[in-house]
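Report on the following structure.
Numbering (my numbering), first residue to last: 163 to 481.
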């Protein structure tokens, strides 16, 4: 006999609903600083173009984020405990026309090893297996994505030292590390993101096979491999272009006008998918006069994308 599942507490259900109420799925305005260290250019591009649905922030993820904020404050308080001056929490850092963006955890003076040197403070917490690697190897080798992120912060703010603080979630052990600015590394990292942002089509796929372990947890995988249609909005449209004017701006060549965030999300009837985002579909014809592009679907049928067509059936047909 199948056991009767234990009922969920009504109070817990109310708490879960309250935590999720009034919150939309999360999407960054541009490329978040935390993505600088991602290995796959295509993943960054598809995320920047918002090809896949936004990340669903359920009640558990919301609590995880809250825990991270709490731990950040605890680590900052440890610096104040030993007499450091800390300010600038959540100061913004921007590059690549404003499309590359992040916020620092703080700035500090009075770090014991170099009390007169200003440091950017980077606070993290990790499970024991990750913490041990960072403690043994240092952040550059042990957590290269963190290293890439704060190198960008130093690049953007003109500060040449970071004080990296990581706490162990299992036993409250601490790893504290001063890291120098690596100008060559930071410039290359920012130039790479700027190159990806300016690419009109998605870069080549890093993973050669669908079951490659490097893409196992990639949120862009379904769109990347053609298992799911990209979302139809301005960022996936052939007419839109990100501008490098400094304010994360976008422009529409079809209507000759700038695109606000609301405009980008709404799209318009003249939407045309960037052809190479439609993995698995073969482009047959492009008619400039009628503003349509014809594709052959995997089942051999033809589908016409364009101003006079509805994009919705394409997702069903491609699936």
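Heads up, the beta-carbon is just placed ideally off N, CA and C, and yes, glycines get one too.
Does the beta-carbon of residue 211 have 16 or more other beta-carbons within 10 angstroms, so that it is buried, or is it exposed?
On the chain shown, residue 211 is found 49 positions in, with the first residue counted as 1. The residue in question, residue 211, is buried, as its Cβ has 16 or more Cβ neighbours within 10 Å.
Excluding the five sequence neighbours on either side, which residues of its own chain have a C-beta within less than 7 Å of the C-beta of residue 207, listed in chain order?
Your numbering for residue 207 matches position 45 in the chain shown. Answer for residue 207: 358, 361, 364 and 365, listed in chain order.
Starting from residue 309 and walking both ways along the alpha helix (DSSP H), at which residues does that stretch end?
Mapped onto the chain shown, residue 309 falls at position 147. Its alpha helix (DSSP H) spans residues 306-319.
In chain order, what residues of the same chain have a beta carbon less than 7 Å from the beta carbon of residue 468, not counting five sequence neighbours either side?
Here residue 468 corresponds to residue number 306 of the chain shown, with the count starting at 1. Cβ within range, chain order: 434, 452, 453, 454 and 455.
Evaluate residue 382 with the Cβ neighbour count: other Cβ atoms within 10 Å of its Cβ, from every protein chain shown; 16 or more gives buried, anything less gives exposed.
As a position in the chain shown, residue 382 is number 220, starting the count at 1. Buried, because 16 or more other Cβ atoms sit within 10 Å of the Cβ of residue 382.
Would you mind listing the alpha helix (DSSP H) stretches within the stretch 196-280 that are 4+ residues and don't spill past its ends, in chain order?
203-210 and 221-243
From the DSSP output, in three-state form, read off residue 481 for me.
Taking the chain shown and counting its residues from 1, one reaches residue 481 at position 319. Note on residue 481: pLDDT 44, under 50, position unreliable in the model; the coordinate value appears next. The three-state reading of DSSP puts residue 481 in coil, since its state is none of H, G, I, E or B.
Using only CA atoms, which one of 216, 281, 249 and 168 lies nearest to residue 338?
As a position in the chain shown, residue 338 is number 176, starting the count at 1. Checked all of 216, 281, 249 and 168; the closest Cα to residue 338 is 281.
Which partner residues of residue 286 appear in the DSSP bridge assignment?
Locating residue 286 in the chain shown gives position 124, where the first residue counts as 1. Answer by DSSP bridge pairing, in chain order: 328.
Is the stretch 242-252 touching the stretch 194-204, taking contact as three or more C-beta pairs under 8 Å?
no
Taking DSSP's pairing of strands, which residues face residue 166 in a bridge?
Locating residue 166 in the chain shown gives position 4, counting from the first residue. DSSP, once it has assigned bridges, lists no residue as partnering residue 166.
What do you get for residue 230, buried or exposed, if any count of 16 or more other CB atoms within 10 angstroms of its CB means buried?
Looking up residue 230 in the chain shown gives position 68. Residue 230 comes out exposed.
Just tell me which of 412, 393, 429 and 408 has its CA closest to the CA of residue 440.
Taking the chain shown and counting its residues from 1, the one referred to as residue 440 is at position 278. For residue 440, the nearest C-alpha among the options comes from 393.
In terms of alpha-carbon separation, which member of 444, 406, 411 and 399 lies closest to residue 431?
What you label residue 431 is simply residue 269 of the chain shown in a count that begins at 1. Closest option to residue 431, Cα to Cα, is 399.
Out of 226, 221, 271 and 193, which one is the CA nearest neighbour of residue 260?
By one-based count along the chain shown, residue 260 stands at place 98. The closest CA to that of residue 260, considering only 226, 221, 271 and 193, is found on 193.
Report the start-end ranges of each beta strand (DSSP E) in the stretch 392-428 that is 3 residues or longer and not cut off at the edges.
402-404, 412-414 and 419-421
Is the beta carbon of residue 301 closer than 9 Å to that of residue 352?
On the chain shown, residue 352 is found 190 positions in, with the first residue counted as 1. On the chain shown, residue 301 is found 139 positions in, with the first residue counted as 1. In this structure, residue 352 lies away from residue 301, with their beta-carbon atoms at least 9 Å apart.
In the DSSP output, what is residue 435 paired with across the bridge?
Looking up residue 435 in the chain shown gives position 273. Paired residues: 399.
Would you kindly work out how many angstroms separate the C-alpha atoms of residue 397 and residue 305, rounded to a whole number?
Translated into positions along the chain shown, residue 397 becomes position 235. Translated into positions along the chain shown, residue 305 becomes position 143. Taking the straight line joining both Cα atoms gives about 31 Å.
So what does DSSP say about residue 444, is it helix, strand or coil?
For this step, residue 444 is matched to residue 282 along the chain shown. Residue 444 falls in the strand class under three-state DSSP.
Helix, strand or coil for residue 339 per DSSP?
On the chain shown, position 177 is the one that residue 339 refers to. Reduced to three states, the DSSP call for residue 339 is strand.
How would you write the range of the beta strand (DSSP E) that residue 464 sits in, first residue to last?
In the chain shown, counting from the first residue as 1, residue 464 sits at position 302. For residue 464, the enclosing beta strand (DSSP E) begins and ends at 464-468.
Just the C-alpha distance for residue 334 and residue 284, rounded to the nearest angstrom, thanks.
For the purposes of this step, residue 334 is identified with residue 172 of the chain shown, where counting begins at 1. For the purposes of this step, residue 284 is identified with residue 122 of the chain shown, where counting begins at 1. Distance between the alpha carbons of residue 334 and residue 284: 17 Å.
Under a three-way DSSP split, which group does residue 474 fall into?
The residue you call residue 474 lines up with position 312 of the chain shown. Note that residue 474 has pLDDT 47, beneath the 50 cutoff, so the model's placement of it is unreliable and the number below is only indicative. Here residue 474 sits in helix by DSSP.
Assuming residue 130 and residue 446 form a contact by the criterion Cβ under 8 Å, report the distance between their Cβ atoms to the nearest whole angstrom.
Residue 130 lies beyond the range of the chain shown here (163 to 481); nothing can be said about it.
Identify whether residue 191 lies in helix, strand or coil by the three-state DSSP scheme.
The residue labelled residue 191 in the question sits at position 29 within the chain shown. If DSSP states are grouped into helix, strand and coil, residue 191 belongs with coil.
Taking 7 Å as the limit between beta carbons, can you name the residues of its chain near residue 427, skipping five residues before and five after?
The count along the chain shown starts at 1 and reaches residue 427 at position 265. 395.
Between which residues of its own chain and residue 388 is the CB-CB distance below 6 Å, once the five residues before and five after are set aside?
Within the chain shown, residue 388 is the residue found at index 226, counting from 1. The answer, listed in chain order, is 441 and 442.
Which term fits residue 324, buried or exposed, when burial requires 16 or more other beta carbons within 10 angstroms of its beta carbon?
Mapped onto the chain shown, residue 324 falls at position 162. It is buried - the Cβ of residue 324 has at least 16 other Cβ atoms within 10 Å.
Expressed to the nearest angstrom, what Euclidean distance is found between the alpha-carbon atoms of residue 391 and residue 444?
Looking up residue 391 in the chain shown gives position 229. Looking up residue 444 in the chain shown gives position 282. Rounded to the nearest angstrom, the two C-alpha atoms are 14 Å apart.
Once the 5 residues before and after residue 372 are set aside, which same chain residues still bring their CB inside 6 Å of it?
Translated into positions along the chain shown, residue 372 becomes position 210. If we look at residue 372 and ignore the five residues flanking it on each side, its Cβ neighbours are 387.
DSSP on residue 175, reduced to helix/strand/coil?
As a position in the chain shown, residue 175 is number 13, starting the count at 1. In this structure, residue 175 counts as helix in the three-state DSSP scheme.
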